[in-house]
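Here is the structure we will look at, set down as structure tokens.
In my numbering, the protein residues as written are 401 to 611.
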């Protein structure tokens with residue numbers, strides 16, 4: 401959902417999210433059969449995020465996208481798998497690429513996941529690692545971003561938001577293209593309310609709900 405050029409960097413990075421994105425996913429057989437048995441005729445994206453349907457399930461997604469959407473004249477999009485480089489055409493974030501949004505980054509590395517240690521994605525481990533990163537990340541305001549020497553940032557930064565309206569205001573002004581349309585109160589690509597981005601391609605930046 402947020403796989404745009406300024407906000408992603410590492411094609412080998414995987415993240416957890418509470419948001420079930422409509423932009424292409426895989427599920428196990430048991431979950432798939434459960435969902436297909438009651439799949440709605442319309443508005444399935446909203447239906448999938450209803451608490452009674454999601455049931456606390458989470459997704460794992462790559463930092464650098466492996467799919468893109470292709471919007472039609474009716475506004476609905478089809479999802480395509482892609483192995484390529486930068487994509488600057490009409491397809492990208494949310495369908496047609498807006499001139500106000502950076503281009504979508506699409507993966508061009510063949511990655512052999514079977515050789516990777518991805519145990520960090522286990523729920524307890526992931527949560528603890530994120531908590532540790534947030535504890536060391538420097539707290540800044542969005543207005544301070546332009547004054548930061550990003551070459552000196554090694555522990556990442558975090559920006560706090562008070563509610564969904566405040567989150568929307570921040571991303572519209574400072575992070576063009578970052579999705580802010582929550583479903584059932586869950587923001588796209590968020591994990592326990594935290595949205596993780598890259599800034600200046602390498603620095604970890606977290607949008608964090610204010611405690």
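Positions of the beta carbon are idealized from the N, C-alpha and C atoms, including for glycine.
Cβ neighbours of residue i in the same chain (closer than 7 Å, five flanking residues each side left out)
i           : result
residue 586 : 418, 419, 449
residue 422 : 445
residue 408 : 463, 464, 505, 598
residue 568 : 580
residue 545 : 574
residue 600 : 550
residue 428 : none
Beta bridge counterpart(s) of residue i as assigned by DSSP
i           : result
residue 598 : 604
residue 591 : 594
residue 538 : 557
residue 461 : 415
residue 404 : 504
Nonlocal neighbours in the same chain, by C-beta distance under 8 Å from residue i, ignoring five residues either side
i           : result
residue 572 : 580
residue 446 : 583, 584
residue 451 : 584
residue 529 : 520
residue 548 : 540, 557
residue 564 : 580, 582, 585, 587
Reference residue i, options the options, closest by Cα
i           : options            : result
residue 562 : 574, 531, 547, 610 : 610
residue 542 : 414, 575, 458      : 575
residue 533 : 523, 554, 518      : 554
residue 459 : 590, 600, 406      : 590
residue 382 : 439, 455, 513, 453 : No statement about residue 382 is possible, as the shown extent of the chain runs from 401 to 611 and does not include it.
residue 503 : 607, 606, 401, 570 : 401
residue 560 : 436, 593, 578      : 593
residue 608 : 577, 570, 526, 601 : 570
residue 454 : 442, 438, 466      : 438
residue 524 : 404, 416, 508      : 416
residue 552 : 522, 602, 578      : 602
residue 515 : 412, 431, 508      : 412
residue 526 : 414, 405, 406      : 414
residue 404 : 531, 507, 456, 511 : 507
Backbone secondary structure at residue i - three-state DSSP
i           : result
residue 431 : helix
residue 559 : strand
residue 417 : strand
residue 502 : coil
residue 609 : strand
residue 578 : coil
residue 586 : strand
residue 550 : helix
residue 613 : Because the chain is modelled from 401 through 611, residue 613 falls outside the range shown and cannot be assessed.
residue 565 : helix
residue 449 : helix
residue 439 : coil
residue 573 : helix
residue 455 : coil
residue 425 : coil
residue 409 : coil
Other residues of its chain near residue i: CB distance less than 6 Å, five sequence neighbours each side excluded
i           : result
residue 604 : 556
residue 410 : 463
residue 536 : 555
residue 435 : none
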